[in-house]
Every structure is written in C-alpha cells, then in structure tokens.
Amino acid sequence: MEASAPVVLIVDDESSARLTTEALLLRDGFTLRFAESGAEALRTLEEGHVDLVLCDVMMPGMDGFEVCRRMKAHEQWSTVPVIMVTALDGDEEMIQGLEAGADDFISKPVVGPVLRARVRAMLRVRARYEHLRAAAPDLETLIRRRRDRLADAAKLSEREREILDLLLLGRNHLEIGAALGISPRTSKFHQGNVLEKLGADSRLDLMRLFL
547 MEASAPVVLI VDDESSARLT TEALLLRDGF TLRFAESGAE ALRTLEEGHV DLVLCDVMMP
607 GMDGFEVCRR MKAHEQWSTV PVIMVTALDG DEEMIQGLEA GADDFISKPV VGPVLRARVR
667 AMLRVRARYE HLRAAAPDLE TLIRRRRDRL ADAAKLSERE REILDLLLLG RNHLEIGAAL
727 GISPRTSKFH QGNVLEKLGA DSRLDLMRLF L
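Per this note's numbering, residue 547 is the first one in the sequence shown, and the count goes up by one each step.
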C-alpha cells in the first residue's frame, strides 16, 4: 500500500463492528488503524497522522461525543473529519453530536456503499481545505484574525468557527454545506447558532461587527 493512502481511524469497543468496517473499507486502499476505546483513539492520534475518524457513539468510559469534543478542541486534530457511527436516530443525539463537532453521521447497521461514499466525501473536503490553506496563507491569516476577535468571546465551537470563516467569504448555506460535506439543513442550523452567539440578526449585521 502506498504511503500516501489516506489514514482512517476506526474507533469501536466491539471487535465485530471493527472487523465489519475494516472489510467494507479495505478494498478502497485506505490505511486503517483501530482503537477499542476513546482513550486509545486519542493516543493513536498523538502517535501519528490520521486523515479521518470513524467513531462509535456508545462506548463505555469515554463515549464518541467526548472523543469528538476533545479532538475539535485540540489544535492539531481540529480539522480532522469525524464521522459518528450510531444506532441512535433521535434529533437530540444528532444535536449533541453536532455540538460536539461531528462532521457527519452514519446509522447502524452500516451499509457498505454509503460508508465508502461518506468517507470519500469527507476526505475530499479535508483535501480541499488543506489545499486552500497552503495556497492562500495570507488570506487565511486575515480571516482567522477577524474571526478570532469574535469567536473567542462567543465561545464558538470549531465547527462554528469554520461556518463563520465561510460566512465571511460570502458563502450561502448551500455552498457552506457543500464545502463542509454537510446537509443544507445542518448548515442552516449551524449558521443560525453562529449568528445568535455573535448577537447578529443577519449576515449584514455580522459584517458590521468588523467595521
């Protein structure tokens, strides 16, 4: 396998689930790593490069939500996409995951084509982000300086900071959803939270905060 193959970390306390996910992804040429717990997942992230995390929600000890929260609060891991794998289907659990910083959700039992498509989509988003960051460091610095003035005071999550970045670039909720690999509905939900936390009634109000 080539060294440049994307590295996917599979986090699940059940060995059967890890084996199933491995079988579904192995043929796509990914480098797969495994963790049996949230604590082991964080250790794996510390030990080497990871491009994407597939994390079960319901695990003993540190659950998937807490793993996600800790990743998004860590400067080095904050841009690594996290796909939550869950048997839960209620809105409350989805909101909890989004607030923790999750980038996408997959329901159990996992369907192979859906899993592979979601993983590839998230990896494309990450690749585009890294390309833009490398190609336009001055622009990114300017955006971050503007964003940080407000985001720190409003205690925005990492996902909300990404939404704010794109709002400052004039993107609408459809474009934001496409850029971050999330649904338009989820994009709109995040956008509303960002504006509310910053005390802005609209995009125009948001821009006035920088004048």
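Even glycine gets a Cβ: it sits at the ideal position worked out from N, Cα and C. Remember, predicted model here, so these are calculated numbers, not experimental data.
Asked	Found
Residue environment, Lys715, which counts as buried when at least 16 other CB atoms sit within 10 Å	At residue 715 the sequence reads Leu, which differs from the Lys that was named. With fewer than 16 other Cβ atoms within 10 Å, it is exposed.
Residues near Thr632 by beta carbon distance below 8 Å, same chain, minus five either side	Asp602, Val603, Met604, Gly610, Glu639, Gly643, Phe651, Ile652, Ser653, Lys654
Sufficient close CB pairs (3 or more, under 8 Å) joining the segment 662 to 672 to the segment 566 to 584	yes
Ala551 (DSSP reduced to helix, strand or coil)	coil
Runs of alpha helix (DSSP H) wholly within the segment 584 to 630 (minimum 4 residues, chain order)	584 to 593, 610 to 618
Cα-Cα separation between Pro552 and Ser733, rounded to whole angstroms	26 Å
Residues near Asp559 by beta carbon distance below 8 Å, same chain, minus five either side	Glu582, Ser583, Asp602, Met605, Pro606
Assigned exposure category for Ser550 - 16 Cβ within 10 Å defines buried	exposed
For Ala646 and Met630, the rounded distance between their alpha carbons	11 Å
Whole-angstrom C-beta distance between His736 and Glu706, which should lie under 8 Å	6 Å
Span separating the alpha-carbon of Asp747 from that of Ala700	15 Å
Exposed unless 16 or more other CB atoms sit within 10 angstroms - verdict on Ala619	exposed
Alpha helix (DSSP H) runs wholly inside the segment 699 to 726, at least 4 long, in chain order	704 to 714, 719 to 726
Start-end ranges of the alpha helix (DSSP H) lying completely within the segment 634 to 659, minimum 4 residues	637 to 646
Range covered by the beta strand (DSSP E) that runs through Asp572	In the sequence on display, residue 572 carries Leu and not Asp. No beta strand (DSSP E) holds Leu572; DSSP gives it neither H nor E.
Straight-line gap, Glu548 to Arg717 (C-alpha atoms, nearest Å)	Caution applies to Glu548, whose pLDDT of 46 falls short of 50 and renders its modelled position unreliable; the value that the coordinates give is listed next. Cα to Cα, Glu548 sits roughly 36 Å from Arg717.
Distance CB(Val656)-CB(Leu598) smaller than 7 Å	no
Bounding residues of the alpha helix (DSSP H) (the contiguous stretch that carries Ser748)	That residue, Ser748, is in no alpha helix (DSSP H); it is neither H nor E in DSSP.
Alpha-carbon spacing of Cys753 relative to Glu742, whole angstroms	The sequence given here has Met at residue 753, not Cys. Approximately 14 Å between the Cα atoms of the pair.
Cutoff 7 Å; reference Val628; Cβ partners in own chain excluding five residues on either side	Val599, Cys601, Cys614, Met617, Gly647, Ala648, Asp649
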